[in-house]
Every structure is written in structure tokens, then in C-alpha cells.
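So the sequences go chain by chain: A and B. Per the working numbering, the very first residue in the first sequence carries number 1; after that it's consecutive. Per the working numbering, the very first residue in the second sequence carries number 119; after that it's consecutive. Reading through the C-alpha cells given below for one structure.
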Amino acid sequence: SQTIHQWPATLVQPVGSPLSLECTVEGTSNPNLYWYRQAAGRGLQLLFYSVGIGQISSEVPQNLSASRPQDRQFILSSKKLLLSDSGFYLCAWSVGGGGRGPASYEQYFGPGTRLTVT
Amino acid sequence: GEDVEQSLFLSVREGDSSVINCTYTDSSSTYLYWYKQEPGAGLQLLTYIFSNMDMKQDQRLTVLLNKKDKHLSLRIADTQTGDSAIYFCAERGSGNTGKLIFGQGTTLQVKP
């Protein structure tokens with residue numbers, strides 16, 4: 001069966017410090033991968049998605065970047081954190097290959113990382 | 119463009135029915151989804167509906183789709199305190215990227 005891991009679960013970082021959040025998926029290959037941010041009391045904002053190794057699409061201009069060094073590894077980074085980067089970061093995966101059925105669009109979410117920038 | 123709208127908050131008493139509403143803009147959406155997020159956790163898929171269906175029932179959950187009005191609703195029968203969570207509706211994004219467009223989420227509060 002497939003599982004998705006995120007770490008760390010919580011993180012408190014000062015403004016201006018770097019960031020690295022990691023997400024890994026097990027039990028599937030060539031997944032589509034996604035990073036979302038959920039600010040307090042607000043909905044989900046898609047930050048990045050990836051359909052393959054080294055292929056990253058950014059949805060919104062921001063202080064963050066993403067990388068996919070391996071098929072099932074997705075990393076969210078920043079060189080210098082801002083206060084506005086605080087939030088709950090969720091990684092998700094879906095079946096790759098652009099299929100037509102609902103399962104190809106169903107997204108499976110990790111447990112999330114709570115980031116507080118102080 | 120693609121946009122999904124939901125009301126932000128709903129409060130019901132335990133045992134009552136809850137109805138969470140959602141509107142979307144992309145008339146070409148073929149699948150629409152309902153996700154549940156419990157406090158401090160990721161999202162879990164509750165159910166989905168194909169656009170050629172008007173209704174789908176799954177135990178206590180009933181999804182109604184009005185494609186003409188681009189309106190989707192989720193009815194939870196006999197709502198329990200364990201149903202308290204944020205509920206997100208989502209539609210498929212365009213292209214083959216697997217993107218979903220999520221609404222803002224509706225916080226459901228169930229009072230005992």
C-alpha cells in the first residue's frame with residue numbers, strides 16, 4: 001500500500017533562516033507531487049506541483065522553491081524565511097500519467113508540517 | 119478561470135443533518151470531490167461524483183450535483199461530534215497535471 005511521509009511535524013524558525021521540508025512517498029512510482037500551504041483559518045493554496053523528476057511548476061510567486069531530486073521525494077525550501085511563510089504545509093501525491101478516471105486525480109495527503117516563523 | 123467557493127462555517131446539533139454547499143466555475147469539470155480535514159491533520163477523501171450523475175449516496179453521506187447551476191452539496195445524515203472538521207470541495211484542474219482546485223473549506227461544528 002502507498003504511504004506518504006512528511007517531516008518535521010512542527011518547526012519554529014527565526015525570520016531570515018533557511019528552510020527545508022521533506023516529503024517522500026512509498027508504494028507507487030512516477031506520482032504527481034504537490035505542495036500546499038494552509039494559512040491559519042484559510043483554505044489550501046497550491047504552491048508547487050511536479051509531474052516528474054526535476055519538473056517543477058510554481059503556482060504563485062513567493063519566497064519558496066521546490067525540488068524533486070528523486071521520483072518519490074519532494075522538497076520545499078527557502079533561503080530566507082519571512083513571517084508570512086508561517087502556516088501548515090501539506091504534501092500530496094496523485095497517480096501520474098494523466099489518466100481520465102477519478103483515481104488519477106484523487107490526491108493523498110501527508111500529515112503536514114506546522115511552520116511558525118518568529 | 120477555475121474557482122471554487124464555499125461558505126466558511128456551519129454549526130449543527132448532534133443528530134441533525136448537515137448540508138455543506140459549494141459552487142464551482144469550470145463547466146468542463148468531470149469529477150468533483152469532497153475532502154475532510156480533522157484538526158492538525160492532512161486531508162482525507164470522503165467521496166467524489168462524476169459530472170454525469172445528479173446524486174451519489176454513501177452511507178451517511180449524500181452528494182448532490184446541479185450541473186446547470188454548478189452547485190455541489192454534501193449532506194451528512196445523523197451528524198455526530200466526530201464529524202466536526204473542515205470540509206473542502208474540489209474540482210479537477212485543466213490539463214493532465216492532476217491538479218485539484220480547492221474551495222476555502224467549511225468548518226463544521228457539531229454541538230452535543
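Note that CB positions come from ideal geometry on N, CA and C, so glycine has one too. Small disclaimer: the values here were computed from a predicted structure and weren't measured.
Not one beta carbon of chain A lies nearer than 9 Å to the beta carbon of Gln-227 (chain B).
For the pair Ser-78 (chain A) and Ile-194 (chain B), the Cα-to-Cα distance works out to about 41 Å. Listed along the chain, the chain B residues whose CB falls inside 7 Å of the CB of Asn-30 (chain A) amount to none; the nearest CB is some 11 Å away.
Against chain B, the beta carbon of Tyr-89 (chain A) has no neighbour under 8 Å; the closest one sits roughly 10 Å away. Assignment of beta-bridge partners to Ile-138 (chain B) by DSSP yields B:Leu-192.
Annotation: Leu-33 (chain A) to Ile-204 (chain B) spans about 23 Å, alpha carbon to alpha carbon. Around the beta-carbon of Phe-48 (chain A), 16 or more other beta-carbon atoms lie within 10 Å, marking it buried. Within the segment 203-222 of chain B, the residues whose Cβ lies closer than 9 Å to some Cβ of chain A are Ile-204, Phe-206, Ala-208, Arg-210, Gly-211, Gly-213, Asn-214, Thr-215, Gly-216, Lys-217, Leu-218, Ile-219, Phe-220, Gly-221, Gln-222, listed in chain order.
Counting C-beta pairs closer than 8 Å gives three or more between the segment 178-196 of chain B and the segment 136-151 of chain B, which meets the contact rule. Assignment of Gly-52 (chain A) by DSSP, reduced to helix, strand and coil, places it in the strand class.
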